[in-house]
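Visitor:
In our numbering, the protein residues as written are 225 to 400.
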């Protein structure tokens with residue numbers, strides 16, 4: 225039996241109990257919800273989930289869809305820099321032999337988010353060596369869109385236009 229994969233999606237919401245609950249419900253329909261860290265000052269929630277490859281992909285896509293529906297970055301305030309409603313979505317290889325599976329799951333999420341949800345996705349970490357979150361966050365969504373328009377950065381999946389309401393997604397894999 226394959227060991228479950230883990231993911232720690234970070235959503236740009238740490239104040240609305242209803243939105244946090246909706247995110248948790250979307251994720252836990254497919255995978256086991258292990259933890260939720262809610263930070264109202266940063267206006268951010270970090271979920272830890274675990275499940276099979278297919279279930280994890282479904283959960284993350286559903287969670288991102290809920291974030292897109294419920295979080296509006298134009299009205300978002302918090303001390304943490306962000307460029308997306310579902311800001312970062314790391315898929316974690318808990319055991320070294322899971323790294324290829326974690327990469328595959330993250331790429332499947334990126335493909336579905338880009339194709340089905342039609343949202344821009346940037347890869348980083350093991351999926352795009354040298355790309356770090358700070359390279360995308362500086363200046364927020366407006367600066368990121370300027371850089372996309374100038375051809376300095378291009379999404380790895382999805383459209384080249386950020387939605388002012390929900391920004392972009394950043395996906396990576398990591399070894400624990």
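Just so you know, even glycine gets a beta-carbon here, dropped at the ideal spot from N, CA and C.
Note that the coordinates shown come from a computational prediction; the quantities given were computed from them, not determined experimentally.
Smallest Cα separation from residue 299: which of 374, 362, 341, 239?
Guide: Ranking 374, 362, 341, 239 by Cα distance to residue 299 puts 239 first.
Visitor: My output table needs one value for residue 290: the three-state DSSP class, helix, strand or coil.
Guide: Helix.
Visitor: In whole angstroms, what is the alpha-carbon distance linking residue 350 and residue 242?
Guide: Approximately 34 angstroms, taken between the alpha carbons.
Visitor: Is it true that the CB of residue 367 sits closer than 8 angstroms to the CB of residue 295?
Guide: Going by C-beta atoms, residue 295 is not nearer than 8 angstroms to residue 367.
Visitor: Closest by CA to residue 275, which one among 384, 321, 329?
Guide: Ranking the options by Cα distance to residue 275, first place goes to 329.
Visitor: In the DSSP assignment, find the beta strand (DSSP E) that holds residue 193 and state where it starts and stops.
Guide: Any property of residue 193 remains undetermined from this structure, which presents the chain solely from 225 to 400.
Visitor: Helix, strand or coil: how does DSSP classify residue 258 here?
Guide: Residue 258 falls in the strand class under three-state DSSP.
Visitor: Straight-line CA distance for residue 362 to residue 356?
Guide: Those two C-alpha atoms are separated by around 11 angstroms.
Visitor: Can you tell me which of the three DSSP states residue 236 falls into?
Guide: In the structure shown, residue 236 sits in coil (DSSP, three-state: anything other than H, G, I, E or B).
Visitor: Are residue 380 and residue 346 touching if we call contact CB-CB under 8 angstroms?
Guide: Going by C-beta atoms, residue 380 is nearer than 8 angstroms to residue 346.
Visitor: Go ahead and pull the three-state DSSP assignment for residue 308.
Guide: Of the three classes helix, strand and coil, the one that applies to residue 308 here is strand, per DSSP.
Visitor: By how many angstroms is the C-alpha of residue 263 removed from the C-alpha of residue 254?
Guide: In a straight line, the C-alpha of residue 254 is about 24 angstroms away from that of residue 263.
Visitor: Residues in the same chain with beta-carbon distance under 8 angstroms from residue 322, minus the five sequence neighbours each way, listed in chain order, please.
Guide: Contacts found: 227, 229.
Visitor: May I ask you to report which of helix, strand or coil DSSP gives residue 318?
Guide: DSSP places residue 318 in coil when its eight states are reduced to three.
Visitor: If I follow the unbroken alpha helix (DSSP H) through residue 276, where does it start and stop?
Guide: Residue 276 -> no alpha helix (DSSP H), and no H or E assigned at all.
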